[in-house]
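One structure is given here, and the rest of the page talks about it.
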């Protein structure tokens, strides 16, 4: 069994395709259930954000799992598999887990360090968990991934600095004003960025917004959208006295506010600082304004430069984050490897024991003339052979548990003995008997059953266990 | 007792240094817990120094404000007191970055000027002297914090105007906070300075100190006092703040340092603690 992820993201697929593959909570659980319907799939989680749709499964066959996921996605997007395939990536085993951790740590995000992904991942996992689609492995894995995401956020500065023009403007204004209390924002002209900036500022506590435009109707429209008050354009310079933050994006060909205007307003407003944000091209605000005491002016290029610097900071933080991810990955991989060995040993024992019983059964007629005591001798003899044969492999596998080669052992044993449910025919006509006996023989192979196996320590699944410890993030 | 006092003073010195290191780390790592840890260490240093000064006072048999060693140590103590009070009241960060090294320098200078505890000269046996020194030191503590805030303000403002935002955002206190800190520290320190100066004058008059009014220290003190009064007046009347407030705070601080380290040792006549 290994983890397989199949999906599309902003790196591989255009928005149009991502939109078609977007899953709401209900659809995500449905998809996960659809994946579980496949044989050989033990657990499934479907993650869908605006930048990615990914299906995580814990399956015995990575190729089959990938195909199943592909089929489901293609059906969902209503496109041919061949059409979808170039946009789809798929990882299995360690690479899949590493991908999960990197995604949760926002290292794979469009904006590295963005804060939402942890919550989105948490939601995806919780939906799948309450939907009964996860079990021991994914419960452990996703919790570890979420923990890693949280660690990255608190231990690195990856999410600290804004990397969009509007949020950088807000951050700068906050550096001047400390926090927004009774500060007034004046918006000149219209424009998406200025509206966005205004919205950000409102979220940070700005209550009063004035909107001015050459045409009063447009000002009223904008004021309605941002929840401000429209003020006449003619009084613009008087409003400078009240405004603490000025966001300008008019289409005027010349400066709308000059240094003289600001100097005059400054005297009246007793030198309380003003933060000017000039988003317009050509510029609305005289660059000389920056020379006035207590006036700060950032134009669009300045803000872009700030954003660029912040990106650099994030990248530096990202290297640190990668280290944290590697650290956490090592822990979870060790756990997973130790987990793999136990069912494989049990499966191996079941199979061999099944063969032994089947052969005894087959010979049953011919052994008819044996006494009960002799029958018992045969029973013991075969038992002893099986145990002797299995002894060394069992010991070796247990030794390998937790090490790098462990997967190779597990894989080899599973392939050689047909534990994945395909391949070996013990003996065609005995298949049925064998299947019947497998259930009974569980007890016979009990000595290898994981009495204190690693899966005991992991949280069991069920709706009650799906709540994560802290709901603060 | 004197030995314990000196040891404790060293403990305080080391703790202030450690607090400075932690504040530096806080500046770069931006971990809130680091700022708290730094404050805790600084408070520990303050406690050690408080005990050290009390022991020194007991050993000498008078308030430990006489001579260069004692007065510098007390000045450092006063600065830390004001800083801790302000930090506690206003929650302004980063000022410790400036206060801690300044205090370490003061303590270092004090140690450089160490003298054994001695009985008071008869001329200094007066409650008025104790009052004079105490209130002046409180005001000096305030003006030191104001000067530090002014310095940080000027640096930060210049960085912001030049669009160097990386070292500033989220690391230094906001300009508004620093501005408030400057004003409040000066406003708080001014009455103490006034009181201290009045006490000094009364004392000089009563003891018949000759020509005290043409001595460098009182003259420069009046200059400092006038600077702060003008600033407070300008703030109230015309809203002086920001850059201008920082200039005043820094100018006041420079004159204070000049008084202590130039005027008193080399130009003055009767302020005995110049060493």
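Protein chains in written order, with the working numbering: chain A, 8 to 480; chain B, 1491 to 1765. Quick reminder that beta carbons are idealized off the backbone N, C-alpha and C, glycines included.
Distance check between residue 133 (chain A) and each of A:401, A:33 and A:276 places A:33 closest, using alpha-carbon atoms only.
Excluding its 5 nearest sequence neighbours in each direction, residue 366 (chain A) has C-beta neighbours in its own chain below 8 Å: 389, listed in chain order. Not one beta carbon of chain B lies nearer than 8 Å to the beta carbon of residue 215 (chain A). Counting only the Cα atoms, residue 1740 (chain B) lies some 42 Å from residue 240 (chain A). Our two residues, residue 155 (chain A) and residue 187 (chain A), have alpha carbons roughly 33 Å apart in a direct line. With a cut-off of 8 Å on Cβ pairs, the segment 140-147 of chain A is not in contact with the segment 355-375 of chain A, counting fewer than three such pairs. Ranked by Cα distance from residue 176 (chain A), the options B:1650, B:1663, B:1625 and B:1531 are led by B:1650. Beta-bridge partners assigned by DSSP to residue 55 (chain A): A:60. Taking 8 Å as the threshold, the shortest C-beta distance from residue 1731 (chain B) to chain A falls below it. Contacts with chain B at 8 Å (Cβ-Cβ) do not include residue 294 (chain A). Against chain B, the CB of residue 181 (chain A) has a partner CB under 8 Å away; the residue lies at that interface. Looking at B:1562, B:1563 and B:1590, the one whose alpha-carbon comes closest to that of residue 1573 (chain B) is B:1590.
If you check the CB distance, residue 159 (chain A) and residue 328 (chain A) come in under 8 Å. With a cutoff of 8 Å on beta-carbon distance, residue 22 (chain A) and residue 80 (chain A) are scored as not near each other.
Beta-carbon to beta-carbon, residue 304 (chain A) and residue 285 (chain A) are separated by about 7 Å, close enough to satisfy the 8 Å threshold. As summarised for the segment 199-228 of chain A, the continuous beta strand (DSSP E) elements at least 3 residues long and confined to that stretch are 215-219, given in chain order. For residue 1664 (chain B), the number of other beta carbons within 10 angstroms of its own is at least 16, and it is reported as buried. With a cutoff of 8 Å on beta-carbon distance, residue 200 (chain A) and residue 173 (chain A) are scored as near each other. Within a 10 Å sphere around the beta-carbon of residue 194 (chain A) sit 16 or more other beta-carbons, which makes this residue buried. Interface residue (Cβ-Cβ distance to chain B less than 8 Å): residue 253 (chain A) is not classified as such. One finds 1665 and 1732 in chain B with Cβ atoms closer than 7 Å to the Cβ of residue 280 (chain A), taken in chain order.
Sixteen is the threshold: since fewer than 16 other Cβ atoms of the shown chains lie within 10 Å of the Cβ of residue 308 (chain A), the residue is exposed.
The beta carbon of residue 256 (chain A) is closer than 6 Å to those of 196, 198, 201, 286 and 287 in its chain, skipping five residues each way along the sequence. For residue 13 (chain A), there is no enclosing alpha helix (DSSP H); the residue is found in the beta strand (DSSP E) stretching over 9-16.
Pairing residue 1565 (chain B) with residue 1648 (chain B), the inter-Cα distance amounts to about 31 Å.
At a cut-off of 8 Å between beta-carbon atoms, residue 1660 (chain B) makes contact with chain A. Residue 36 (chain A) has its alpha-carbon roughly 16 Å from the corresponding atom of residue 149 (chain A). In chain order, 1509, 1574, 1577 and 1586 place their CB closer than 8 Å to the CB of residue 1529 (chain B), counting only its own chain and leaving out the 5 sequence neighbours on each side. Buried is the label assigned to residue 128 (chain A), since at least 16 other Cβ atoms lie within 10 Å of its Cβ. Going by C-alpha positions, residue 83 (chain A) is about 13 Å away from residue 53 (chain A). Counting only residues of its own chain and dropping the five nearest sequence neighbours on each side, residue 1593 (chain B) has a CB closer than 7 Å to the CB of 1506, 1566, 1569 and 1570. With respect to residue 1717 (chain B), residue 1749 (chain B) sits apart: the two C-beta atoms are not nearer than 8 Å.
Between residue 136 (chain A) and residue 146 (chain A), the alpha-carbon positions lie close to 8 Å from each other.
In the DSSP assignment, residue 196 (chain A) forms a beta bridge with A:256.
Among the CB atoms of chain B, none fall inside 8 Å of the CB of residue 187 (chain A). Cβ contact annotation for residue 1743 (chain B) (same chain, cutoff 7 Å, sequence separation greater than five): 1633, 1634 and 1637, in chain order.
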